[in-house]
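Peer 1: Shown below is the structure under consideration.
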Amino acid sequence: MIRAYGIWGRLLVVDLASGRVSAESVHPVVYRMFVGGRGLAAYLLWRELGRRWREVDPLGPENMLLILTGPLTGYYPGIKLVVSGKSPQSNGVVGSAVSSHVAYAIKAAGYDGIVVRGASRDPVYLYVKDDAVEIRDAGRLWGLRGLELIGALRKEVGGDPPSLYIGPAGENLVRTAAVMARWFHAAGYGGYGAVMGSKRLKAVVVDGTGPLPPVADRDEFLKLRHEVIDKVASRTTFRMWGTTSGIWSVGHDTSSEPVRNWQEEWHDRDEFSHVVIQRRHWVKNPWADWGCPLACMKVSRAVVDGNAYVTDGPDYEMGAYLGSDLGLFEVDKVIALTSLADDLGLCGIQTGNVLGFAVELYDRGVLSREDVGYELAWGDFGSLKRLLEDVAYRRGIGSFLAEGTYRAALEIARRKGLPAEEVLRYAVQVKGVGVGAHGIRSRRDYPQPIAYAASVQGGDHTSVAGLPVDSEESEIWPAFLDSAVVCMFTSVEEATMLRFLNAVTGWSVTREELYRTVGPRILALQRVLLLLGGPDARWDPRVHDDNPPRFYEPLPTGPYAGSAVTREEVSRGLADYYKQLGWDELGVPTEETLKRLGLHDVVEIVRGIRRELGTG
Amino acid sequence: MMFCIKFFGNLAATAGPELCLEESRCLDVRLLVEEVLRSAGEALSIEEVLVTLPDGSPLPPGTTTCDAEEVRVLRLFRGG
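Chains as they are written, first to last, in numbering that gives the first Met the number 0: chain H, 0 to 615; chain E, 0 to 79.
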């Protein structure tokens with residue numbers, strides 16, 4: 000028998016259709032192959048749904064909602080979990096990480112994760128108290144916004160146990176809806192708030208009171224934990240400002256912040272900065288989730304039009320996507336929009352992306368006042384707020400903007416009788432996923448020209464592709480962090496991360512194994528499922544392994560004006576990246592690679608993909 | 000003695016993939032890296048990059064150019 004450390008080897012499985020609750024064992028070898036979190040999600044989804052993947056509706060009862068921890072959850076400083084399933088945005092697998100005490104609570108309840116199958120007829124919430132698991136009526140909770148819901152849950156279960164939940168956006172199957180945690184935290188990428196809504200699951204409350212699984216080498220673990228805490232605590236700038244400082248620096252210094260739907264990526268708006276937010280709006284600093292020595296979060300408060308709004312930082316992505324991308328540079332109003340998105344359970348990135356897209360279409364006359372029902376203008380808080388709410392409740396034009404930027408573009412083109420390309424040229428997304436707020440044109444930020452085009456998570460800025468493959472620049476690194484389940488902001492150099500993993504698990508993962516086998520295995524499986532796609536959108540790598548058209552336009556303003564990426568360098572980069580991963584010229588993992596990675600059962604379905612592409 | 004800094008990702012595109020310097024004195028590696036980044040026009044502080052030995056292991060505090068022949072430099076924060 001193989002002794003497991005750092006994991007329980009046990010998942011809580013809840014079938015909402017039948018009401019059956021059970022525990023499923025997962026063999027330690029599976030963890031050794033896929034680590035946990037995102038890797039385990041890819042494995043479970045392939046095993047359960049892979050052979051009929053194209054027919055599985057992400058918003059149908061057949062899809063699974065996965066809430067997974069990793070072997071480093073609870074041990075490594077900082078706390079995260081990964082939400083996954085078949086994504087209603089990409090139709091592939093997205094590992095969507097979120098800070099939440101639920102991660103610790105799941106492990107303390109004796110599980111490595113929760114698997115939700117089927118769909119309930121009536122609204123429910125899941126209550127886990129160690130071994131006791133109940134599917135409870137959520138009729139009174141359905142329709143509540145985030146803050147109201149948290150209050151109601153406290154009364155319902157007593158105390159303040161950690162929870163994951165959805166707002167009205169998830170209930171209304173909005174594809175940009177997030178799974179929320181503790182007011183402001185969102186598992187936004189992937190659209191899993193809509194998956195949770197499709198299952199009529201309002202919340203997951205976990206009160207775990209037991210110990211964590213044992214670690215393999217306690218002395219080494221404690222030594223490394225202190226070492227990492229020292230390193231992380233010394234990141235003084237990040238501790239001071241969190242990611243909020245990016246609101247100024249990513250725009251002004253590196254010219255890679257979306258401004259007016261990415262028409263520009265530079266600004267010099269002094270009033271739009273972390274300094275102004277700190278002085279006028281921070282009411283709590285620092286703030287952290289369980290076990291985090293970095294404590295990069297803040298709490299902001301603003302009053303706009305007589306209404307008070309509270310949110311996080313706002314962190315950089317919210318500032319960019321619900322601020323500069325919408326032409327809004329007044330920080331009190333950015334805080335208000337962010338707070339509203341949190342409360343409605345919307346992903347601020349994906350929703351800001353589709354809002355910016357809509358305003359540009361209005362600006363260009365593609366959308367009219369008759370289409371929208373009111374005027375839209377860059378920086379106009381009133382109309383932006385209204386549009387955000389229309390998306391969450393699928394009202395008017397919000398009903399198809401709620402499908403996310405890619406699908407909204409196709410619908411607008413259809414309604415207007417325009418060629419799809421005419422509308423898609425303004426859609427800053429990759430494979431159904433709006434691009435995160437880090438541009439590639441200036442080359443002064445971290446994403447490389449192939450960052451999004453080659454990512455197995457589309458436009459996800461936390462999971463970018465890059466060269467060389469055997470380094471932290473490649474997508475193997477975020478796949479590893481999301482599988483061990485570690486916050487990227489508390490991660491340190493790879494050698495220490497691997498020592499930490501091995502100390503906890505008793506494994507002996509080497510750098511070579513990470514970059515040659517473990518990481519490529521996770522990426523290959525995600526890539527195959529992404530290429531299968533369906534049932535609505537499917538991706539042809541010859542067309543869709545590409546940047547949004549906007550990224551080929553030269554930057555119009557700022558110190559890097561004129562800078563752009565070229566199609567030639569992207570093609571060269573993709574070819575090199577695929578080759579280094581053992582994929583063919585179209586980015587399909589070769590049979591030899593799949594067999595080397597132990598993915599023998601994937602070979603047949605990949606032959607089908609290759610036949611469709613005319614390369615096999 | 001010769002000391003080399005290898006840059007990865009977009010840093011390699013702007014600062015160059017490798018920079019080798021002939022140094023007659025022992026210099027603090029982190030301070031040197033920070034100075035090189037500044038002279039390349041990178042708006043990055045030393046806290047925002049990861050400086051490691053060639054095998055990816057951490058650079059011990061106080062390492063000088065006399066203690067190491069080569070270091071790798073990557074952006075630390077890849078998200079946010």
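Yeah, the Cβ is synthetic: ideal placement off N, Cα and C, and Gly gets one too.
The structure presented is a predicted model; accordingly, all values stated were derived computationally and were not measured.
With a threshold of 7 angstroms between beta carbons, is T337(H) in contact with chain E?
Peer 2: Residue-level contact by beta carbon fails for T337(H) and chain E, as no gap is shorter than 7 angstroms.
Peer 1: Give every residue of the same chain whose Cβ lies closer than 7 angstroms to the Cβ of L143(H), excluding the five residues on either side of it in the sequence, and list them in chain order.
Peer 2: A151
Peer 1: Grouping DSSP H, G and I as helix and E and B as strand, with all else coil, what is T63(E)?
Peer 2: strand
Peer 1: Kindly say whether G631(H), judged by its beta-carbon, lies nearer than 7 angstroms to any beta-carbon of chain E.
Peer 2: The question about residue 631(H) has no answer here: the residues shown for chain H are numbered 0 through 615.
Peer 1: Going by DSSP, name the residue or residues bridged to T310(H).
Peer 2: In the DSSP output, where bridge partners are listed per residue, T310(H) has S299(H).
Peer 1: At the 7 angstroms Cβ level, is P53(E) part of the contact set with chain H, yes or no?
Peer 2: no
Peer 1: Can you pull the chain E residues whose beta carbon is under 9 angstroms from the beta carbon of A494(H), in chain order?
Peer 2: T51, L52, D54, G55, S56 and P57
Peer 1: Are there 16 or more other CB atoms within 10 angstroms of the CB of Y361(H), so buried, or fewer, so exposed?
Peer 2: Around the CB of Y361(H), 16 or more other CB atoms lie within 10 Å, so the residue is classed as buried.
Peer 1: Tell me, which residues are paired with I134(H) by DSSP?
Peer 2: Looking at the DSSP assignment, I134(H) forms a beta bridge with L125(H).
Peer 1: Less than 7 angstroms between CB atoms is the rule here; does L20(E) satisfy it with respect to chain H?
Peer 2: no
Peer 1: Out of A39(E), M0(E) and R29(E), state which residue places its alpha-carbon closest to the alpha-carbon of G15(E).
Peer 2: A39(E)
Peer 1: So, helix, strand or coil for Q456(H), using DSSP?
Peer 2: coil
Peer 1: When you compare each of G38(H), A107(H) and I134(H) to G117(H) by their alpha carbons, which one comes out closest?
Peer 2: I134(H)
Peer 1: How far does the beta strand (DSSP E) with L58(H) in it extend, from its first residue to its last?
Peer 2: First-last for L58(H): undefined, no H or E at that position.
Peer 1: Alpha carbon to alpha carbon, how far is P588(H) from P547(H)?
Peer 2: Using only the alpha carbons, I get a separation of about 24 angstroms.
Peer 1: Over what stretch of residues does the alpha helix (DSSP H) that includes G150(H) continue unbroken?
Peer 2: G145 to V156
Peer 1: Which residues of the segment 479-503 of chain H have a Cβ closer than 8 angstroms to any Cβ of chain E? Give them in chain order.
Peer 2: M487, F488, V491, E492, E493, A494 and T495
Peer 1: Residues of the segment 3-17 of chain E with a CB closer than 7 angstroms to any CB of chain H: list them in chain order, please.
Peer 2: F7, G8, N9, A12 and T13
Peer 1: Going along the chain, which residues of its own chain have a beta-carbon closer than 8 angstroms to the beta-carbon of G8(H), five neighbours each way excluded?
Peer 2: S24, V25, H26, P27, Y30 and D111
Peer 1: So does the segment 565-573 of chain H actually touch the segment 13-29 of chain E, counting three or more Cβ pairs closer than 8 angstroms?
Peer 2: no
Peer 1: Given this structure, state the Cα-to-Cα distance separating R2(H) from P210(H), to the nearest angstrom.
Peer 2: 17 angstroms
Peer 1: With a threshold of 16 other CB atoms inside 10 Å of the CB of R440(H), please say whether the residue is buried or exposed.
Peer 2: buried
Peer 1: Since L15(H) and L200(H) are thought to touch, with beta carbons under 8 angstroms apart, how far apart are those beta carbons, to the nearest angstrom?
Peer 2: 6 angstroms
Peer 1: I need the boundaries of the alpha helix (DSSP H) containing S338(H), first residue and last residue.
Peer 2: V330 to L343
Peer 1: Looking at the unbroken beta strand (DSSP E) that takes in V204(H), where does it start and where does it end?
Peer 2: L200 to D206
Peer 1: Look at F220(H) and A502(H) and say whether their C-beta atoms are less than 7 angstroms apart.
Peer 2: yes
Peer 1: Who are the Cβ neighbours of T337(H) in its own chain at under 7 angstroms, not counting the five residues just before and after it?
Peer 2: T310, P313, M317, L321 and G347
Peer 1: For the alpha helix (DSSP H) that I475(H) lies in, which residues bound it at each end?
Peer 2: I475 to A483
Peer 1: Closer than 8 angstroms, Cβ to Cβ, to anything on chain E: give me those residues from the segment 577-597 of chain H, in chain order.
Peer 2: none
Peer 1: Whole-angstrom Cβ separation of V231(H) and L293(H), contact assumed at under 8 angstroms?
Peer 2: 5 angstroms
Peer 1: Check each candidate in L343(H), T68(H), V97(H) and L65(H) and name the one with the smallest Cα separation from A176(H).
Peer 2: L343(H)
Peer 1: Since G465(H) meets chain E, which of its residues come closer than 8 angstroms, beta carbon to beta carbon?
Peer 2: G8
Peer 1: Using a Cβ cut-off of 7 angstroms, pull out every chain E residue sitting near H26(H), in sequence order please.
Peer 2: Near H26(H) there are no residues of chain E at all, since even the closest Cβ is about 30 angstroms away, more than 7 angstroms.
Peer 1: Rounded to whole angstroms, what's the CA-CA distance from G55(E) to S17(H)? Just pull it up for me.
Peer 2: 50 angstroms
Peer 1: Is there a C-beta anywhere in chain H that falls below 7 angstroms from the one on L36(E)?
Peer 2: no
Peer 1: Can the beta-carbon of P448(H) be found closer than 7 angstroms to that of G586(H)?
Peer 2: no
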